[in-house]
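Everything on this sheet refers to the single structure shown next.
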């Protein structure tokens with residue numbers, strides 16, 4: 001999608017993404033090696049009652065789904081960051097995750113006329129329609145002027 005294709009209150013959906021136990025273990029062992037992400041037996045005895053995915057992995061899955069649905073072939077080139085990120089419910093191996101991205105605002109930069117700014121909210125849901133992740137992102141787009 002091009003920057004001009006986005007408009008306030010627009011909703012973009014994508015998914016599902018099926019998360020395997022192997023993916024959870026591989027990510028956690030590489031990037032978030034906490035026992036409730038890396039040790040299924042210990043995790044079964046823990047507060048979550050089983051292995052759960054890293055919140056950072058769920059952010060990556062949301063990014064993948066949004067990129068595939070809306071950013072491939074776009075002028076998007078960077079993000080200055082997130083306003084917030086909330087992990088609302090554990091994500092487990094076997095979950096099927098889908099994203100809902102809602103455009104909050106689009107505007108052109110006042111100081112840089114070749115820069116488009118998109119603020120949007122991404123909500124990730126599991127197969128039971130339970131919201132597992134909520135974040136607000138800003139994306140920057142290079143505009144042709």
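Residue numbers (the working numbering): 1 to 145.
Beta carbons are placed, not taken as given, at the ideal position from N, Cα and C, and that holds for glycine.
Report task. Taking only runs that begin and end inside the segment 43-112, name each unbroken beta strand (DSSP E) of 3 or more residues, in chain order. Result -> 76-87 and 96-108
**Report entry** Member of 50, 114 and 34 whose CA lies at the smallest distance from the CA of residue 4
**Finding:** As a position in the chain shown, residue 4 is number 4, starting the count at 1. It is 114.
Query raised in the report: Should residue 138 and residue 119 be called a contact, given that it needs their Cβ atoms to be closer than 7 Å?
Result: For the purposes of this step, residue 138 is identified with residue 138 of the chain shown, where counting begins at 1. For the purposes of this step, residue 119 is identified with residue 119 of the chain shown, where counting begins at 1. Cβ atoms of residue 138 and residue 119: closer than 7 Å.
Query raised in the report: Helix or strand or just coil, what does DSSP make of residue 123?
Result: Here residue 123 refers to the residue found at position 123 when the chain shown is read from its first residue. The answer is strand: DSSP assigns residue 123 an E or B state.
Query - Limits of the alpha helix (DSSP H) - the one that residue 18 falls within - result: For the purposes of this step, residue 18 is taken as residue 18 along the chain shown, with counting starting at 1. It is not in any alpha helix (DSSP H) - residue 18 instead sits in the beta strand (DSSP E) that spans 11-18.
Query raised in the report: Three or more beta-carbon pairs under 8 Å between the segment 27-35 and the segment 61-76, yes or no?
Result: no
Query - Simplified DSSP assignment, three categories, for residue 141 - result: In the chain shown, residue 141 corresponds to position 141, counting from 1. Residue 141 falls in the strand class under three-state DSSP.
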